[in-house]
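Notes for the one structure printed next.
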Amino acid sequence: MSNTPEPQEEGTMTTQTEPKPKPSAKDYKGRLKPIWCPGCGDYGVLSALLAAFADLEIDPDNLAIVSGIGCSSRLPGFVKSYGFHGLHGRALPVALGVKLGSPHLTVLIVGGDGDGLSIGAGHFPHLARRNVDVTYMMLDNRIYGLTKGQTSPTTPHGIWTKTSPAGVVEFPMNPAALALCYGATFVARGYSSQVKPLKSLIMAAIQHRGFSLLQVLSPCVTFGRKCGFDAIANSIKECPAEHDCRDASSAYQLATDPQNIYSGILYQEERPEFISTLQAMGGARGRELDDGAPEIDVDRLVDQFS
Amino acid sequence: MSNTPEPQEEGTMTTQTEPKPKPSAKDYKGRLKPIWCPGCGDYGVLSALLAAFADLEIDPDNLAIVSGIGCSSRLPGFVKSYGFHGLHGRALPVALGVKLGSPHLTVLIVGGDGDGLSIGAGHFPHLARRNVDVTYMMLDNRIYGLTKGQTSPTTPHGIWTKTSPAGVVEFPMNPAALALCYGATFVARGYSSQVKPLKSLIMAAIQHRGFSLLQVLSPCVTFGRKCGFDAIANSIKECPAEHDCRDASSAYQLATDPQNIYSGILYQEERPEFISTLQAMGGARGRELDDGAPEIDVDRLVDQFS
Amino acid sequence: MNRNDFVMGISGDAGEGVLLYGDLMTRIAARANLHISSTQTFPAEVRGGQSYVQIRFGVDSVFNPGDKLDVLIAFSNLAYHWCKGMISSGAILIIDGEPETVDRAARFGDWKGGPIYVVPMTRIAGEEIGEKRAKNIVALGVTCALLGFPADHAEDLIRRQFKQKGEKVIASNLAAYTAGRTYAEQHIEKRDTLTIPEIDGDGHMVMSGNDAIALGALYAGCRFYGGYPITPATEIMQLLADELPLVGGTMYQAEDEIASLAAVLGASFSGVRAMTATSGPGLSLMSELLGLSAMAEIPVVVVDVQRGGPSTGLPTKTEQSDLNMAVYGGHGEFPRVVMAPISIRDCFNVMRRAFEIAEFYQVPVIVLSEQGLGHRRATLPRRMLEQTPKADVVRPLKQWRDGYARYAFTESGISPRSIPGDPGGAHVITGLEHWDFGGPSHEPENRVEMVRKRFRKLRNLDRKYGGVFAFKGAGILQRHHATTDGEAGRLSSVEEAFRGDIGIIGWGATAGVVREAVARAERRGISAAAIFPRMILPHNDMTIRPFIEGHKSILVVEENFTGQYAKFLAHHYSIRPAKLNKYDGLPFTPDQVLSKIEELADHV
Amino acid sequence: MNRNDFVMGISGDAGEGVLLYGDLMTRIAARANLHISSTQTFPAEVRGGQSYVQIRFGVDSVFNPGDKLDVLIAFSNLAYHWCKGMISSGAILIIDGEPETVDRAARFGDWKGGPIYVVPMTRIAGEEIGEKRAKNIVALGVTCALLGFPADHAEDLIRRQFKQKGEKVIASNLAAYTAGRTYAEQHIEKRDTLTIPEIDGDGHMVMSGNDAIALGALYAGCRFYGGYPITPATEIMQLLADELPLVGGTMYQAEDEIASLAAVLGASFSGVRAMTATSGPGLSLMSELLGLSAMAEIPVVVVDVQRGGPSTGLPTKTEQSDLNMAVYGGHGEFPRVVMAPISIRDCFNVMRRAFEIAEFYQVPVIVLSEQGLGHRRATLPRRMLEQTPKADVVRPLKQWRDGYARYAFTESGISPRSIPGDPGGAHVITGLEHWDFGGPSHEPENRVEMVRKRFRKLRNLDRKYGGVFAFKGAGILQRHHATTDGEAGRLSSVEEAFRGDIGIIGWGATAGVVREAVARAERRGISAAAIFPRMILPHNDMTIRPFIEGHKSILVVEENFTGQYAKFLAHHYSIRPAKLNKYDGLPFTPDQVLSKIEELADHV
Ligand SMILES: Cc1ncc(C[n+]2csc(CCOP(=O)(O)OP(=O)(O)O)c2C)c(N)n1
Ligand SMILES: Cc1ncc(C[n+]2csc(CCOP(=O)(O)OP(=O)(O)O)c2C)c(N)n1
Ligand code: SF4
Ligand code: SF4
Ligand SMILES: [Mg+2]
Ligand SMILES: [Mg+2]
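Chains as they are written, first to last, in my numbering: chain X, 1 to 306; chain S, 1001 to 1306; chain E, 2001 to 2604; chain P, 3001 to 3604.
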């Protein structure tokens, strides 16, 4: 046990000017080895993600990954970056705080279908409509993985689970369709087994200025096999080439198609991003305050309270 | 102070067979006088509601009105019925519990835009998609009334409020459109100043078997005048006569029309109601258990645990 | 080794069927009229996907899964290494391997126990059944034969276990079991004396604490459960999902814990006995609604199966650290009842009291269980289910008089409650302060009276429900309250338990361990007794005061860091009790408690 | 009547501009270098839409809005009736009406005070200004003339008040003010001696407790506020909505309290000083996230402006009933700091300490204010804003060494913290128990060390921040901790305050009233002193123990039913203090505390 009576900085920054070599996916591997079950879809998501980071040459020191609680939410531990493995359902507002606090960071959210659509359902519409510039990857395995197989909001109708002994009564929620209704400016869908296309979707989502939702179908091999993933493997289709992803209503139709599960970018739109609006009004300067924080106008305040 | 050591019943029921006279709106007036500001839209809603009860000849003893917290949520106190004036944002799950507990009751929810779309936003999709047979009247004044004028999720973009000194940055939520996305089987919109049409909408909503949302535009004259209600008074329009309210996509278009605010029944659909499905599996018998509660099968249980 | 009381550990990899082996073994023993106490808590040094079950068998009741292993079943060499340090001297080892070719010196050189049986479980399963994965069933056959369990119970259980999977699977598992038995009978030369005795009886049931809570609720007339999955409470919900619809009730999986309790309050308001169960994080989220329950006087039972905290903490580990929250959590001041079952049997019993109290006094009742109780299993007598009367859930309509006031002031503080549907009983409940008829009021005098009315309800609750369990020597006494003498006890008198040198006070699941430590202490000549109040709030002064006054030194045992119950008692009695605390996620063992008792005994 | 210290009540209907009158009056007085303490809490007997402001004026500082009214301004006969029972003998009444035609005997027969001035406020407003609603401004003119306030401050304030509404409105309100003054000067024959003295100075500021908290946060370097409106805390958010963007910060209105605190934690994680403010129901909802803050060691400041509980309770009334929740709420065990400002000035000061502690110790800090403090107003010296140094919010990038561990074990328990953006500082925080580098761990030994590390952080916090305020006679002493002698006090020695007959301990906003009661007690020859610890948790034993030991009898004063702080002290000191509790939603008055002191003095 070292004797550190107070927080100490480990030295101030040295400016590095040597050109860095182009990073590879491996450079983004975190300190922990993934502990998912063998065959879990989340492995595919992780490798697509690391590859996307490398391709985008994202600086790990300026990357923050925020998650909730669930198997999928363990992901930040497996990436080399700043990470926030928080509470069940609260990843979205945390991520918003991180981004509002430090707008220069790239902020990514990872969470499960239960995390985002059940306990976190109240935060999703608000983040989306605010068009905060964060990327939300929902790893949808249609089941509660970590707690060992209860009904989730995306479990298909009629399926037996540990909490639906007579089959799920409800009809499932559709995260991509909801994101559209909520006013998300980027909505896409991918599949954990299709790592390469998934990587491209992740890259597009990160590059998008504004709130992006990326629903990733990612099977739970231990508790979620029955949730229709065998069928998905065969039936998932890319969005038709003629689909104009600026067209909201055809995006909605693709998202909710009863026959096919469409993957790809369903929707993308340019709309003023939340933080830039706040910044236009003077706020949300974050760590940029280093460049000279505006002073408190004491005289005005004294006058106001006199 | 009476000396009542334990709860006592006040006598058992006497069967009443005399035919009751047809009730009038007045018969549904509660013990409290409304305490809303003079001119508040909620007065109009209350009178439409009482008239609807009278027309439907609803039995006040089998009526439960559940609300959250807000000016609008004070409504149950002004009606003669069982009422549950609960917590901010929690009216929906409470109402679901009341209905699951006693399926024979008519259950009505009343709440504000903040109550339902902000703090309660996580419950709305789940009640709607479950198609629980309750009626949800959202009294939308586009502002936080009770707390004296802060931004609500329906406050129009750009409007100044006490918490948006530079104008609301966000774009407003649209409760009717959301209900459609959530799978509500009845979606309607009314206006507090149009008491008669509102009464009809309330009646239709209550009679609908399944989850019904009725958005009622109901101005806050004290803090919400600036939220566009003068314009609404002129521009609100009935749904076009040719609108087929079984057509979801045209309902969505009417709900989100950028020019006009359409009132009337936007959407209605027949879909199995949640509780009847549970009942088909044996559950949700509620007070109907009086007619003979199924016994615990002790032998099976003993065997299961041996 | 005492064959009347021995401990078995089963160790293997996650895929090797350790849990199923454990489940079948406990049931086989229970059918043979042995008592068991078992746990699936992973030993702490085991990381990742390793599975471990520990079963203690006893001719008499056993109250905890024990300290050291007398028998170790290891499914692999790695499994052996995890557990080799946990054994008692003379322990038996049964391990997968080739008896002929194994290099015993190299592999078992560090074995400090007794006889070693190397059994080719995997080979038997592979060669004779054609399914290597059946090795756990082979192992079961081997163990049954070695310990002398008859075959019929096992075969019956195997049939039931694989019923869903069809005749072929049943047959091959039966074959695996028989192959194990046959191998043991033909090839193993028994070099130990451990054989289970024959005991008369109809067999016992085997249940976990979570099972017992669910069934207790069912018997208590609970007909609505609203909940959200969370470790280690989920099994309560899962069992009720199966059972409630069969008796006309509803299990409702809500979108979160807040919606769960909200729905429960709604259902309770509508006249149904209703509950939820959760763990710490969920209870935190329910804080606001608990206050509403008390303010609006809506009955509710909330079970908290505690786990290691704070925050997400240690979801699969045990701790007793939510007492403060249960007692003080939530804003403002409101009456509430906090109960803590002391055993699996008590989990079943407490639920009945919890529902009665909630309904009669119209208050929230919080039941504090914990991972170490919820996931532990024990044998229970069949009569528990066969002879416990079921609560009557029928609630006839009542007619109420004009001017009915929901919150009428009464001397007891309890106001007559109408239920939606009752003619003339219409009223509006609110979480705002209110007049007696329910309308909001901030008038100061009414406010003062309402606060007093609400708290008055708890005044005599401790007399009626505030029982304690007292342990001394091998005796147990259940003392209901200060004025009666206790029931079904094996202690001759109240005084016996309430006077002595070392008085231990604990709460909840540590009772099983403390009880054993106290008994062992007596055998070593130390005068020690223990009490466990089942109701923690309202505080049962009438029973705890004489216990404290009757002992020279007081020790408070609890699984937390800050000594929550010790502090609670300290401010009631102006005492500074000795404390034994554990907060590493693992339950106490009898040895650990005994050491502390001995340490204190040196200073009495 | 003592013109150095008098109390004015202004009573009227909701639409009659009582609040504006009150606001302008306090500012006029403050500019004239008088001190004020004012409150807008409605008198309890007033129902519905009636408005009431009470202002106490003093040549020296005044610490509470006082007991009885020396001046009553009644805007109507009804308004008169509400307040006529609240007056001191000799009180002045200024009331709207026709002086010529009023039937004085009938209307004021029940008046127990002194001079009555009937003034045709409504008529003047209607006839001379053409706007009856301006009667409050007419009344202001009348009062200013009668009390001897110069006109210039009032006119300046009126101009500013109506600036947004244009020149016409300004002019007519100025005219109303002048008309009031002129009427008083020409038509009222002054029959009292109340005239305010001339005092030198630059004038004071007027601020509410909520204002002071918001500005305190701003000065403390807070640059992110996440919140959700709730009475009586909303004004903090509203002020910061205006101010934060001006200094590069952000006020974020979230969808609920859970999202508020989640966003605050996110912002704090990213390196910004961040806070939220709420009231009881909101704090309940935040329980789970508070635990995460402590477990993940993310600094956060949470202000709870308490209101009457439980549940929705009494939203506009005051109470001190969230102490238990602040100290014990949330599941599991985690370190936290609880502070309670004792005055409006202290609201400003406490925020600085709160942010420093939160950031240095990486813990959640809960600041307990209350409705009676948040909505009360007081004069404050301009130098408070002019001379208080502003915290430096710039946080330069740091480079971290390889193998950086976010939760490194240290002797102080405090681990060096990297911020996103810092090169080499990457780490993942988690609410699960974790290794020093942040990875999840349930290994028992590490667990034990981590629990100890987290709690170790608080060890010496009371020495550094655990100040108390001590009151005796007219003296005050601010004692920072046990080893220094206190500062800026008017008490000659520490001993003076820490030895005597009756020792009062309180917390938070009751200080203003208790201080006065203690001073009055001395005048009656009773030896009484009071202390108010500003930091409640960790408990400041070093200062409180000598106070308790130095007094013959201890009285704990708090606005709640169960005596939360009294219990807290009882278990630290094994004492049974006398208690004075109030839970009707209204703050104590000095008289009420004095009576209790006198009662105790009879028994010393
Ligand atoms: C407040 C709270 N409630 C419940 C839990 C238990 N819990 C942990 S993860 C989880 C759901 C997991 O499902 P999902 O979000 O879909 O993630 P997955 O494991 O499937 O990836 C639940 C209910 C918790 N940790 N916290
Ligand atoms: C948990 C909680 N947070 C905040 C509040 C404060 N509060 C009461 S009503 C309300 C919003 C009112 O707006 P809305 O729901 O639109 O109802 P309205 O008054 O406009 O009818 C708020 C924020 C509360 N009572 N409880
Ligand atoms: S339980 Fe399911 S989701 Fe979780 S790691 Fe295993 S396969 Fe993946
Ligand atoms: S504040 Fe607004 S919503 Fe509330 S009662 Fe007044 S007018 Fe109606
Ligand atoms: Mg999932
Ligand atoms: Mg509103």
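The beta carbon of each residue, even a glycine, is placed where N, CA and C say it ideally should be.
Residue range 2274–2278 is occupied by the beta strand (DSSP E) that includes E/A2274. Sixteen is the threshold: when 16 or more other Cβ atoms of the shown chains lie within 10 Å of the Cβ of E/Q2320, as they do, the residue is buried. Taking C-beta atoms under 8 Å as the contact rule, E/V2300 and E/P2364 qualify, at a distance of about 5 Å. Of the residues E/G2332, E/E2558, E/R2534, the one whose Cα lies closest to the Cα of P/G3563 is E/G2332. Looking from the CA of X/L266, the closest CA among X/S73, X/L139, X/L213 belongs to X/L213.
With contact defined as three or more Cβ pairs closer than 8 Å, the stretch 107–122 of chain X and the stretch 65–73 of chain X are in contact. With a cut-off of 7 Å, the C-beta of E/G2017 is classified as distant from ligand 2, since no heavy atom of the ligand falls inside that distance. With respect to the 8 Å criterion, P/F3561 and P/V3513 are not classified as neighbours on the basis of their beta carbons. If you check the C-beta of X/L146 against ligand 3, you find a heavy atom less than 7 Å away. E/K2168 counts as exposed, since fewer than 16 other beta carbons sit within 10 angstroms of its beta carbon. Against chain E, a Cβ distance below 9 Å from S/Y1082 picks out F2269, S2270, S2418, I2419, P2420, G2421, D2422, G2425, A2426, H2427, V2428, I2429.
Taking a contact as a CB-CB distance under 8 Å, the pair E/A2241 and X/P165 counts as one, their CB atoms being some 5 Å apart. For the pair E/I2554 and E/I2505, the CB atoms are nearer than the 8 Å cut-off. Residue side-chain check: E/S2369 keeps its Cβ at 7 Å or more from all non-hydrogen atoms of ligand 6.
Looking at the DSSP output, S/V1107 bridges to S/A1064. Residue burial is scored here from C-beta neighbours: E/I2199 has fewer than 16 other C-beta atoms within 10 angstroms and is therefore classed as exposed.
Within the same chain, no Cβ atom closer than 7 Å to the Cβ of S/D1299 is found once the five residues on either side in sequence are excluded. The alpha-carbon of E/L2072 is positioned some 57 Å away from that of P/A3277.
Using a CB distance cut-off of 8 Å, X/M138 does not count as an interface residue toward chain S. The nearest non-hydrogen atom of ligand 1 is less than 7 Å from the C-beta of E/T2312.
Within the DSSP secondary-structure output, E/G2308 pairs in a beta bridge with E/L2314. DSSP places P/N3349 within a helical segment (H, G or I) once states are collapsed to three.
Look at S/H1088: its beta carbon is less than 7 Å from one of the heavy atoms in ligand 2. E/V2350 sits buried, since 16 or more C-beta atoms from the chains shown fall within 10 Å of its C-beta. Ranked by Cα distance from S/V1066, the options S/A1128, S/L1301, S/M1138 are led by S/M1138. Burial is judged here by how many other beta carbons sit within 10 angstroms of a residue's own beta carbon; E/E2185 has fewer than 16 and is exposed. Interface with chain X (8 Å Cβ-Cβ cutoff): P/I3258 is included.
Under the three-pair Cβ rule at 8 Å, the stretch 2252–2259 of chain E does not count as touching the stretch 3230–3250 of chain P. Annotation: X/I296 to P/A3378 spans about 22 Å, alpha carbon to alpha carbon. The residue from S/N1234, S/T1185, S/V1221 with its alpha-carbon nearest to that of S/S1263 is S/N1234.
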